[in-house]
Each structure stands twice: as structure tokens, then as C-alpha cells.
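Numbering (the working numbering), first residue to last: 41 to 656.
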């Protein structure tokens with residue numbers, strides 16, 4: 041007994057020595073910023089300003105000491121916290137949350153934590169997070185959401201919404217991690233491999249946390265519930281009466297496709313926004329979108345084709361387009377059943393039936409003696425067409441994904457005010473145009489469709505041309521092309537081949553000519569010339585992002601905040617880079633020579649097709 045009493049007394053003394061030592065260390069850092077900075081540099085967390093006085097620390101530790109025996113019983117391996125924003129569990133064990141045991145805890149300080157419920161006792165909750173157990177006391181908790189349908193987290197179901205949903209977080213932008221946790225904190229800086237987050241403390245200070253970028257699954261921005269967003273949604277509901285509206289953060293997807301395909305497009309949009317926001321963070325920092333991002337996805341290619349004609353867009357040449365005047369992105373579901381069935385019928389269906397007809401005819405003439413051989417030959421031919429079908433469908437998917445990422449980049453840069461295409465005056469005929477488009481979409485009479493299309497074209501011709509202030513085409517289209525790949529900024533073989541072919545045939549455009557166009561998409565030039573301008577714009581943006589990233593982003597910030605006149609656009613770029621035009625042209629040309637020479641994609645496609653039919 042004496043031994044245990046002596047042991048208990050020694051433990052008590054050691055505990056209070058640690059408390060006093062901690063208080064002294066804390067006071068030292070609070071009164072000596074240089075020491076605090078050195079400690080911050082060597083640790084994961086950084087207390088950056090307004091440290092509370094030592095009295096706060098002593099009271100906090102004293103309160104935790106009172107509950108130490110209970111906590112020791114409750115937590116076998118974990119950490120006790122005063123608030124969630126002051127703890128970092130070990131990032132060593134990745135744990136998939138069991139949907140049946142999932143729980144989301146909304147804290148009084150605005151933070152949100154999703155994890156697996158381990159224990160609940162007298163209002164205290166212990167959840168499993170990142171391989172460690174975390175305790176929440178009753179006074180910290182605002183509300184609890186249980187089950188797999190967790191509002192506002194990666195566990196939430198994707199349901200149709202007729203109005204803007206509530207936003208349960210403190211920040212406009214939250215981070216969804218791969219372990220199903222939602223991090224409600226402000227992003228203050230972004231590096232190549234890490235993100236720095238900022239949390240406010242109850243005492244008015246701030247805490248910074250480093251988070252590895254590969255832990256982030258996607259970013260989510262709050263819905264933009266402005267009057268402009270509501271008006272735009274109402275107009276779209278009048279046009280697309282047979283489509284459903286789905287909201288996911290500040291994206292609203294409007295479609296008549298099945299929800300199965302909807303999830304695929306939602307995933308693409310989430311990943312695209314995350315990559316763009318983190319890659320160009322200096323441009324997006326401290327900026328807010330002014331309208332909800334609306335994406336219309338037609339399940340039928342024919343419906344998309346017809347609607348694109350009403351906007352004057354050649355749908356046979358593009359699988360999607362962004363309308364800056366309407367602030368809407370339009371595309372069709374090339375991943376869905378309707379278009380897949382169309383491809384299947386065109387490539388394999390008709391061909392298969394023709395092969396079967398020839399085989400049956402041959403068997404009827406030769407009798408049963410050669411039926412096995414004839415059936416085998418017919419099967420071999422049909423399998424080749426099925427392989428060609430798979431090859432073609434894969435190409436369509438790749439083109440659709442890159443086009444969606446390209447047009448989504450336009451929408452996001454425009455919405456955040458990074459690239460300006462500002463329409464200052466809209467026509468009073470918009471209501472009539474909406475009604476005519478609705479009738480055009482719903483009509484099944486070819487004669488009526490033709491009449492409506494002529495009326496829509498006539499309305500557009502009679503409209504007064506709006507005043508437009510547009511960013512320079514080369515970096516508008518160059519940045520969108522740069523964002524087509526996954527990951528963003530990877531080699532884009534499509535534009536690289538066109539650039540290389542242009543270099544060999546006619547040479548590059550002088551940069552002072554490339555920077556003339558200011559309406560977007562290089563209007564008024566021949567299609568081949570337009571493709572050359574696109575490819576050189578992609579190449580120039582890739583060069584600047586790879587070799588002169590910070591100066592180029594500085595230039596983009598400047599043109600987003602000020603309107604250049606005359607040749608100021610090019611002058612500002614040269615000023616940011618700290619070089620003259622001749623040096624820039626020489627560096628750019630030299631950079632592009634390091635890429636391998638690519639084969640004509642049409643020849644490559646033909647060779648792949650030949651391999652399919654040469655097989656077996």
C-alpha cells in the first residue's frame with residue numbers, strides 16, 4: 041500500500057512539474073516572437089499571432105486534469121482536445137468510414153468533423169478519425185447528424201433541389217479529404233505538394249496547418265444564392281421543362297440523363313474545379329464568384345445539336361460550349377446510353393446484321409457441312425467491329441472529357457472575374473427568345489421546328505449588339521486548353537501536334553499579332569488559322585507556366601484588375617517577365633523544341649484501326 045501511495049504522490053508531482061514547464065514555455069513563446077517562429081518552423085502547427093495569456097493555458101490544463109481518470113478509461117489510443125482546431129492526429133492509418141456508423145459533428149466554432157462513432161457517453165462523443173480517436177465534449181457541439189446521408193460532406197446523397205440548399209460551414213470553401221473528413225478552414229497559400237490552412241482561435245488569434253495535397257479529394261464552394269443566379273435558374277427552368285435540376289455546391293447540373301451518368305459528370309466538375317483553383321490559387325485568392333455555375337447536359341445528341349443551332353453554334357464541330365452572355369455551359373451526354381446505343385448501332389449493329397445475313401446465305405447454299413466454319417468466320421468479323429466500336433467510344437469519351445474541362449475552365453475563370461467577358465447591355469427580346477427555344481425543343485413536327493429556328497435566327501439578327509469588354513483571346517483560350525489535361529498542365533498531344541505541324545509548314549505567328557484578338561475564340565479567322573492560334577496560345581501558356589510561373593500569374597492578376605488599351609497587354613506581359621519581345625520569342629521557340637515530334641493523330645488512329653482488323 042505504501043508503495044502505491046508513494047507512486048501516486050510522485051506521479052502527482054511530475055504532472056504539476058509538466059504543467060508549470062508548459063506554462064513557462066508557452067509564456068516564453070508568447071513574449072518572444074523569434075522563439076515562437078523558430079518553434080513554428082520546426083513543427084506542423086504554427087501559432088501566428090495573438091497568443092492568449094498564460095492564465096488561459098493554466099485554466100485549460102487544470103480543467104483537463106480534473107477529467108484525466110475518465111479520459112484514460114474512455115480513450116485507449118487517442119487525444120483529448122479542447123476544440124477540434126487544436127489537434128493533429130497521426131496521418132498514418134487511412135480508415136474508410138462505415139456509412140452505418142458515420143457521424144458528422146457540427147461544432148460551435150463553425151468546424152465540421154466526419155468520422156466513425158466509437159463511443160457515446162453523457163453527451164461526450166468519441167469518433168475514429170485518421171487512425172486516432174478524438175473526444176468531443178457537450179459544450180463544443182452544436183448539432184449531430186448520423187447515418188450515411190450526411191449533409192454537406194462527401195457522404196451526402198446527390199438529390200434534386202428546387203432551391204439553394206443551406207450551407208452548414210463557416211467558410212465559403214471547404215476541403216473534402218479522401219478519408220471522408222470535411223475541413224472547414226481558409227486556404228492561405230498553396231504549394232506544389234501542400235496547402236496551408238488557417239483557423240481562427242477563440243481568443244482572436246490564428247492557427248495554421250499544413251495539409252498534403254494528395255490528401256484532398258475535392259474542394260466544394262458554397263451555392264451562390266444571388267438574385268442573378270435565381271433569375272438565371274428560373275429562365276432555364278422555363279426552357280428545359282422536361283429536365284431535372286441538381287445542385288452540388290456552386291454547380292447546378294440540368295439534365296434529362298440518368299443519375300448514374302450524372303455522378304460521373306459531377307466527379308469531373310469537382311476534380312476540374314479543385315485542380316484549377318489550387319493551380320491558379322493566386323488568381324482566385326480573395327475573389328468570389330458572382331453567379332451559380334449552370335451546366336446543361338442533353339442526354340440526346342440530336343437535342344443538343346438542335347439547341348446549339350439556336351445559339352448559332354456548329355454542333356457538328358464541338359461537343360460542348362460555354363455562353364458567356366448567358367453564363368451557361370452546354371454539352372451532351374456522350375457517356376450515356378442514348379449516344380452509346382447510337383454508336384453501337386452505327387458501327388457494330390448494322391454491320392453485325394449484314395455479316396449474319398451473308399453467313400446465313402452462305403450456309404443455305406453450302407449446307408450444314410461448312411456451318412461451323414462459316415459461323416466462326418462471321419464471329420471473327422463481328423468481334424473486330426466490336427473492338428473498333430470500343431476504340432471509337434473511348435476516343436469520344438476522351439474528347440468529351442477534355443472539352444468539358446476546357447469549357448468549365450472558361451466558366452470558372454469568368455465567374456471569378458479572372459477573365460472578363462462582361463455583357464453590359466442585354467436585349468429586351470430575351471423572354472421571347474426563351475419561349476421560342478422552349479417550343480423548339482418540345483416540338484416533334486419538322487415543319488414547326490424549321491419555322492421556329494428561322495424565327496430564332498431572325499430575333500438574334502434584330503438584337504442590338506451588346507457592348508462587350510473581353511479579355512485577350514490568347515490567354516483565355518490558352519489557359520482553357522492548358523486545363524484540358526489531367527493533371528492540369530500535362531502535355532496535350534492534340535495541340536502539340538498542330539503546333540508542330542504549323543511550325544514546319546508556315547511558321548509561328550509573331551507574338552504581337554497573336555495578342556491582338558480580344559473577343560475570345562479568335563473570331564473572324566479561317567478554321568485552320570483558328571486552330572493554329574489555339575495551339576500557339578496553349579503552347580505559350582504552357583511555356584509561361586513552366587518557366588515563368590510567378591511573373592505570368594502576376595500579369596494575369598493585373599489584366600484581371602485593370603483594362604489594358606492598345607498594346608499595353610503585351611507591354612504588361614514583357615514588364616512582368618522582365619524581358620523584351622525578342623528574348624521572349626527566342627525563349628519560347630527554344631522551349632517548344634524539347635518536345636518529341638508527334639505522329640499525325642489521324643494516321644495514328646488509322647494504324648490502330650488497321651491493327652484491330654488485322655488481328656485474329
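Glycine included, C-beta positions come from ideal geometry on N, C-alpha and C.
Is DSSP giving residue 282 helix, strand or coil here?
Taking the chain shown and counting its residues from 1, the one referred to as residue 282 is at position 242. Reduced to three states, the DSSP call for residue 282 is coil.
Based on the DSSP output, what are the partners of residue 258 in its beta bridges?
Position 218 of the chain shown holds residue 258. Per DSSP, 216.
Identity of the residue in 487, 485, 411 nearest residue 403 by Cα
As a first step, residue 403 is located in the chain shown; it is residue number 363 there, counting from the start. Comparing Cα-Cα distances from residue 403 to each of 487, 485, 411, the minimum goes to 411.
DSSP has residue 577 in a bridge; who is on the other side?
As a first step, residue 577 is located in the chain shown; it is residue number 537 there, counting from the start. Answer is none; residue 577 lacks a bridge partner.
Restricting to Cα atoms, I'd like to know which of 624, 577, 607 is closest to residue 588.
The residue labelled residue 588 in the question sits at position 548 within the chain shown. If we check each option's Cα against that of residue 588, 624 comes out closest.
In whole angstroms, what separates the C-alpha of residue 246 from that of residue 253?
The count along the chain shown starts at 1 and reaches residue 246 at position 206. The count along the chain shown starts at 1 and reaches residue 253 at position 213. Their Cα atoms are separated by approximately 21 Å.
For residue 270 and residue 455, I'd like the C-alpha separation in whole angstroms.
If you number the chain shown from 1, residue 270 lands on position 230. If you number the chain shown from 1, residue 455 lands on position 415. Distance between the alpha carbons of residue 270 and residue 455 is about 15 Å.
Confirm, please, whether the CB-CB distance from residue 295 to residue 302 is below 8 Å.
On the chain shown, position 262 is the one that residue 302 refers to. On the chain shown, position 255 is the one that residue 295 refers to. In contact: residue 302 and residue 295 (Cβ atoms closer than 8 Å).
Are the stretch 437-454 and the stretch 311-323 touching, with three or more C-beta to C-beta distances below 8 Å?
yes
For residue 186: DSSP bridge partner residues
By 1-based counting over the chain shown, the position of residue 186 is 146. The partner list for residue 186 (beta bridge, DSSP) reads 143.
Please state whether DSSP places residue 159 in a helix, a strand or coil.
As a first step, residue 159 must be located in the chain shown, where it is residue number 119. In this structure, residue 159 counts as strand in the three-state DSSP scheme.
Locate the alpha helix (DSSP H) running through residue 395, then write down its first and last residues.
By 1-based counting over the chain shown, the position of residue 395 is 355. Element bounds for residue 395: 390-406.
For residue 646, is the classification buried or exposed, using 16 other Cβ atoms within 10 angstroms of its Cβ as the cut-off for buried?
Your numbering for residue 646 matches position 606 in the chain shown. Exposed is the call here.
Taking all protein chains shown into account, do 16 or more other C-beta atoms lie within 10 angstroms of the C-beta of residue 367, making it buried, or fewer, making it exposed?
For the purposes of this step, residue 367 is taken as the residue at position 327 of the chain shown. Residue 367 is buried by the Cβ-count criterion.
Distance cut-off 7 Å: residue 458 Cβ against heavy atoms of the ligand FMN
Only the bare structure without any ligand can be found here, which leaves the ligand FMN out of the picture.
Status (buried if at least 16 other CB within 10 Å, exposed otherwise) for residue 418
Working through the chain shown from its first residue, we reach residue 418 at position 378. The residue in question, residue 418, is buried, as its Cβ has 16 or more Cβ neighbours within 10 Å.
Leaving aside the five residues before and after residue 477 along the sequence, list all residues of the same chain whose C-beta is less than 6 Å from its C-beta, in chain order.
The residue you call residue 477 lines up with position 437 of the chain shown. Answer for residue 477: 279, 350, listed in chain order.
How would you label residue 620, buried or exposed, when you count the other beta carbons within 10 angstroms and need 16 or more for buried?
On the chain shown, position 580 is the one that residue 620 refers to. So residue 620 counts as exposed.
For a test of the three-state rule: what should DSSP assign to residue 288, helix, strand or coil?
Within the chain shown, the letter at position 248 stands for residue 288. DSSP places residue 288 in strand when its eight states are reduced to three.
Pair within 8 Å by beta-carbon distance, residue 458 and residue 276
Walking along the chain shown from the start, residue 458 turns up at place 418. Walking along the chain shown from the start, residue 276 turns up at place 236. Result no, Cβ atoms of residue 458 and residue 276 do not sit closer than 8 Å.
What does a CB cutoff of less than 6 Å around residue 126 pick up in its chain, not counting 5 residues either side in sequence?
Position 86 of the chain shown, counting from 1, holds the residue named residue 126. Here the model assigns residue 126 a pLDDT of 32, short of 50, so the residue's position is not dependable, and the following value carries that caveat. Closer than 6 Å at Cβ, skipping near neighbours: no residue.
Between the C-alpha atoms of residue 544 and residue 527, what's the straight-line distance to the nearest angstrom?
Taking the chain shown and counting its residues from 1, one reaches residue 544 at position 504. Taking the chain shown and counting its residues from 1, one reaches residue 527 at position 487. One C-alpha to the other measures close to 29 Å.
Less than 8 Å between the beta carbons of residue 425 and residue 371, yes or no?
Residue 425 sits at position 385 when you count from the first residue of the chain shown. Residue 371 sits at position 331 when you count from the first residue of the chain shown. Taking 8 Å as the Cβ cut-off, residue 425 and residue 371 do not qualify as a contacting pair.
Beta-bridge pairing of residue 226 - partner residues as DSSP gives them:
Your numbering for residue 226 matches position 186 in the chain shown. In DSSP, residue 226 forms a bridge with 238.
Taking the alpha helix (DSSP H) that residue 537 falls in, what are its first and last residues?
Residue 537 sits at position 497 when you count from the first residue of the chain shown. 533-545 is the span of the alpha helix (DSSP H), which, as asked, contains residue 537.
Between residue 283 and the rest of its own chain, which residues show a CB-CB distance below 8 Å, the 5 nearest in sequence each way excluded?
Position 243 of the chain shown, counted from the first residue, corresponds to residue 283. Excluding residues within five positions, the ones whose Cβ falls inside 8 Å are 294, 295, 296, 336.
Count the other CB atoms within 10 Å of the CB of residue 616; is the residue buried (16 or more) or exposed (fewer)?
What you label residue 616 is simply residue 576 of the chain shown in a count that begins at 1. Label assigned to residue 616: buried.
Helix, strand or coil for residue 709, going by three-state DSSP, please let me know.
Because residue 709 is not part of the residues shown, which for the chain are 41 to 656, the question remains open.
Please classify residue 208 as buried or exposed, where buried requires at least 16 other C-beta atoms within 10 Å of its C-beta.
Translated into positions along the chain shown, residue 208 becomes position 168. So residue 208 ends up on the buried side.
Which residues DSSP lists as bridging residue 368, in chain order
Counting from one through the chain shown, the residue named residue 368 turns up at place 328. BP columns for residue 368 point to 334, 363.
Look at the Cβ atom of residue 255, then the Cβ atom of residue 218, and state whether they are nearer than 8 Å.
In the chain shown, the residue the question calls residue 255 occupies position 215. In the chain shown, the residue the question calls residue 218 occupies position 178. Yes, these two residues count as a Cβ contact at 8 Å.
Can you tell which of 162, 185, 168 has its C-alpha closest to the C-alpha of residue 178?
Position 138 of the chain shown, counted from the first residue, corresponds to residue 178. Measuring from the Cα of residue 178, the nearest candidate turns out to be 162.
Name the two residues that bound the continuous alpha helix (DSSP H) containing residue 632.
To locate residue 632, count along the chain shown from 1; it is residue 592. That run of the alpha helix (DSSP H) goes 621-632.
Can you tell me whether residue 586 is buried or exposed? The criterion is at least 16 other CB atoms within 10 Å of its CB, across all chains shown.
Translated into positions along the chain shown, residue 586 becomes position 546. Residue 586 comes out exposed.
Of the residues 265, 144, 160, 241, the one placed nearest residue 221, counting alpha carbons only:
Here residue 221 refers to the residue found at position 181 of the chain shown. Selected option, being the one with the closest Cα: 144.
Could you pull the start and end residues of the alpha helix (DSSP H) that residue 514 belongs to?
By 1-based counting over the chain shown, the position of residue 514 is 474. Residue 514 -> alpha helix (DSSP H) spans 513-522.
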